[in-house]
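Colleague:
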Amino acid sequence: MGRNRATLADVARRAGLSKTAASMVLNGREGTRLSADAHQRVFAAAEELGYRPNVAARSLRTRKTATIAFVSDIVATTRFAGGLIRGALDAARERDHVLLITETQGDATFEQYAIEAMLDRQVDGVIYAAMATRRLTVPPAILGGPVVLLNATSSDDLPCVLPDDDRAGRSVAAALLEHGHRDGIALIGRNRLKEGDPEVSLAAEARLNGIRQALGEAGVTLLAESFCTEWLPEHGYAATRGLLNRSPRPSAIICMNDRLAFGAYQALGEAGLTVPDDISVISFDDDPIAAWLRPGLTTTALPHEQMGRRAVELLLDGAPTGNALVPMPMRRRRSLAPPAG
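Numbering of the sequence shown is given in the working numbering, commencing with residue 7 and proceeding in unit increments.
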């Protein structure tokens, strides 16, 4: 493929200049004392010949390859967090960088192989990402160069990009308070493992803290809290049925994610209750299902594209250590109303 590729020497010959002069023009070097006509001849020759710089040769001089490694567990093949990659791709392209993506599926042996293969290609840095927001053990091999953790933290002193789940919890509680809910707010999705083990989840504890802080500042306590072994529709369904059997019945339900909310909608419908006229529902994540529920589900969105973009920016600009928190915007739909009666 490279045999017929135009070289810098070809461009210089076509423009009638030396290789050094042509190189200075193409690299934007100032003070070359070359005429405007010489510049035009070089650019015209490069375009006519389809010249592309030899990145490998340039990288030997600059020690930069304009490539970034994106290493993840299962981000690439899940619809829930594909935005992490989209945001990183867009930011890399805007900075004239290429993203090399690999997914490990949690296989430690393959992860080591993949990381070594990327490092052999002299990448300028590594974005180490997780689908679920959690604390990771960072492979030692990538600690020798620039690293940014995406949707994750570690015990290493590394820059991290995370969704601001604490503030999202506050926003969710505030939205219910704004609609007049005070004495009848229930919570679905308490989970001691998710809340107590940062290697399982960082989101659960942060969301719960934000909810409690906002309600506490308003002098409000939760009416009920339902524990769920998983944040899946069937668990939201069962938890909601349990809430409906208690007295007083809640006027609003906070779900710890949208899949729980999907199950809550089904249980409310089966009980002959409507959202939001009888019970308001609010949630987290803005899963695609949230907009398709009827009525549409009000939820705070995981800002995956913005997070991916921020990770690239921090990597290329030389990030300080610590957490960069990306706000989770509220998607206001029609699942909230003042308490019935």
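For each residue, glycine too, the CB sits at the ideal point set by N, CA and C.
1. Starting from residue 154, follow its DSSP beta bridges and name the residues at the other end.
2. Provide the residue span of the alpha helix (DSSP H) that contains residue 121, from first to last.
3. Tell me which same chain residues have a C-beta within less than 6 Å of the C-beta of residue 179, skipping the five on either side of it?
4. Roughly how many angstroms lie between the CA atoms of residue 205 and residue 296, to the nearest whole one?
5. Which residue wins for smallest C-alpha separation from residue 32, given the options 11, 57 and 22?
6. Straight-line CA distance for residue 342 to residue 208?
7. From the DSSP output, in three-state form, read off residue 217 for me.
8. Assuming residue 241 and residue 269 are in contact, meaning their beta carbons sit under 8 Å apart, how far apart are those beta carbons, in whole angstroms?
9. So, are the CB atoms of residue 332 and residue 309 less than 8 Å apart?
10. Alpha carbon to alpha carbon, what distance is there between residue 99 and residue 52?
11. What's the gap between the Cα of residue 3 and the Cα of residue 14?
12. Note the first and the last residue of the continuous alpha helix (DSSP H) segment covering residue 91.
13. Quick one: what's got a C-beta closer than 7 Å to residue 345's C-beta in the same chain, skipping five residues either side?
14. From the DSSP secondary-structure annotation, give me the bridge partner or partners of residue 290.
15. How far does the beta strand (DSSP E) with residue 195 in it reach, from first residue to last?
16. Taking all protein chains shown into account, do 16 or more other C-beta atoms lie within 10 angstroms of the C-beta of residue 157, making it buried, or fewer, making it exposed?
17. Does the distance from the C-beta atom of residue 106 to that of residue 92 stay below 8 Å?
18. Alpha carbon to alpha carbon, how far is residue 138 from residue 192? Give it in angstroms, no decimals.
19. Could you give the first and the last residue of the continuous beta strand (DSSP E) run that contains residue 108?
20. Classify residue 237 as buried or exposed, calling it buried when 16 or more other Cβ atoms lie within 10 Å of its own Cβ.
Modeller: In this structure, then:
1. Looking up residue 154 in the sequence shown gives position 148. For residue 154, the beta-bridge partners assigned by DSSP are 133.
2. Here residue 121 refers to the residue found at position 115 of the sequence shown. 114 to 126 is the extent of the alpha helix (DSSP H) around residue 121.
3. Within the sequence shown, residue 179 is the residue found at index 173, counting from 1. These residues qualify, in order along the chain: 217, 220 and 221.
4. Taking the sequence shown and counting its residues from 1, one reaches residue 205 at position 199. Taking the sequence shown and counting its residues from 1, one reaches residue 296 at position 290. Rounded to the nearest angstrom, the two C-alpha atoms are 27 Å apart.
5. Start at 1 with the first residue of the sequence shown, and residue 32 comes out as number 26. Residue 57 is the option with its Cα nearest to residue 32.
6. What you label residue 342 is simply residue 336 of the sequence shown in a count that begins at 1. What you label residue 208 is simply residue 202 of the sequence shown in a count that begins at 1. Distance between the alpha carbons of residue 342 and residue 208: 27 Å.
7. Position 211 of the sequence shown, counted from the start, is the residue given in the question as residue 217. The answer is helix: DSSP assigns residue 217 an H, G or I state.
8. The residue labelled residue 241 in the question sits at position 235 within the sequence shown. The residue labelled residue 269 in the question sits at position 263 within the sequence shown. Indeed they touch by this definition, with Cβ atoms about 6 Å apart.
9. Residue 332 sits at position 326 when you count from the first residue of the sequence shown. Residue 309 sits at position 303 when you count from the first residue of the sequence shown. It is a contact, given that the beta carbons lie within the stated cut-off.
10. Reading the sequence shown from its first residue, position 46 is the one you call residue 52. Reading the sequence shown from its first residue, position 93 is the one you call residue 99. Using only the alpha carbons, I get a separation of about 22 Å.
11. Any question about residue 3 goes unanswered here, given that the chain covers just 7 to 347.
12. Taking the sequence shown and counting its residues from 1, one reaches residue 91 at position 85. Its alpha helix (DSSP H) spans residues 88 to 100.
13. Counting from one through the sequence shown, the residue named residue 345 turns up at place 339. Excluding residues within five positions, the ones whose Cβ falls inside 7 Å are 186, 187, 190 and 257.
14. Taking the first residue of the sequence shown as 1, we reach residue 290 at position 284. Answer by DSSP bridge pairing, in chain order: 306.
15. For this step, residue 195 is matched to residue 189 along the sequence shown. That run of the beta strand (DSSP E) goes 191 to 196.
16. Working through the sequence shown from its first residue, we reach residue 157 at position 151. Buried.
17. Looking up residue 106 in the sequence shown gives position 100. Looking up residue 92 in the sequence shown gives position 86. No, these two residues do not count as a Cβ contact at 8 Å.
18. Sequence index remark: in the sequence shown, residue 192 carries index 186 (1-based). Sequence index remark: in the sequence shown, residue 138 carries index 132 (1-based). Note on geometry: alpha-carbon atoms of residue 192 and residue 138 lie some 25 Å from one another.
19. Here residue 108 is taken as the residue at index 102 of the sequence shown, counted from 1. In the DSSP assignment, residue 108 falls within the beta strand (DSSP E) that extends over 104 to 109.
20. Here residue 237 refers to the residue found at position 231 of the sequence shown. The residue in question, residue 237, is buried, as its Cβ has 16 or more Cβ neighbours within 10 Å.
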